[in-house]
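> For the sequence shown, the numbering used here begins at 32 and goes up steadily by one.
I'd like to ask you about the structure that follows.
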Amino acid sequence: MTAVRTSSFDSFVQLLGVLVIFVFVLGITYVATRWIAGYQKAHLFNKNLRIIETLRLTPNKYIQIVEAGDEYLVIAIGKDEVRLLTKLTGEQLKEIPSEKVADGMGTESFKEILDKLKKHIPKK
């Protein structure tokens, strides 16, 4: 009978040991991830280049407006290439107020969209 108690007590101690090790590994992983993110953020910060806008054409093709110093460049980005399309001035860029962007996207309820679709479906 003592062998059974010792065996179950040993199993419980092993379980606690594994849980402590697991929590320790999770803690180390969290700290390492935070440190690497802070390191990359500090080293990747660039004062002269900034992406203003991105338009996705296909899953691997984009058009971007990039601010490089005082110039604005429109570039096409493909799978294996980057091409300069044109240069823009600050006056050529169109600033859209954030309230207009919010009004144009995602403000209709599902019921309103469904009602619009029902109007276009012919009745039998």
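The C-beta atom is built at its ideal place from N, Cα and C for all residues, glycine as well.
Keep in mind the model is a prediction, meaning the values are calculated, not measured.
Suppose you measure from the CA of L115 to the CA of D101; what does that come to, to the nearest Å?
As a first step, residue 115 must be located in the sequence shown, where it is residue number 84. As a first step, residue 101 must be located in the sequence shown, where it is residue number 70. Taking the straight line joining both Cα atoms gives about 16 Å.
> In whole angstroms, give me the CA-to-CA distance for L46 and L57.
If you number the sequence shown from 1, residue 46 lands on position 15. If you number the sequence shown from 1, residue 57 lands on position 26. Straight-line Cα distance between these residues: approximately 16 Å.
> Can you give the Cα-Cα distance for E112 and E84, rounded to whole angstroms?
The residue you call residue 112 lines up with position 81 of the sequence shown. The residue you call residue 84 lines up with position 53 of the sequence shown. Roughly 19 Å separates the two Cα atoms.
> Where do the N-terminal and C-terminal ends of the alpha helix (DSSP H) with E143 fall, by residue?
As a working note, residue 143 is residue 112 in the sequence shown. Looking at the DSSP string, the run of the alpha helix (DSSP H) that includes E143 is F141 to H151.
> In the DSSP assignment, the beta strand (DSSP E) including T181 goes from what residue to what residue?
Nothing can be reported for residue 181: it is not among the residues displayed for the chain, which extend from 32 to 155.
> Tell me the rounded alpha-carbon separation between G48 and S140.
Locating residue 48 in the sequence shown gives position 17, where the first residue counts as 1. Locating residue 140 in the sequence shown gives position 109, where the first residue counts as 1. The straight-line gap from Cα to Cα measures roughly 53 Å.
> Give the DSSP-derived three-state secondary structure of E126 in the structure shown.
Here residue 126 refers to the residue found at position 95 when the sequence shown is read from its first residue. E126 falls in the coil class under three-state DSSP.
> Could you check which residue in L80, A107, N79 and K78 has the C-alpha nearest to that of N91?
Along the sequence shown, one-based indexing puts residue 91 at 60. Out of L80, A107, N79 and K78, A107 has the C-alpha closest to the C-alpha of N91.
> Just checking my contact of Y93 with L104 at CB under 8 Å: how many whole Å lie between their CB atoms?
For this step, residue 93 is matched to residue 62 along the sequence shown. For this step, residue 104 is matched to residue 73 along the sequence shown. Going by Cβ atoms, the distance from Y93 to L104 rounds to 13 Å, so no, they are not a contact pair.
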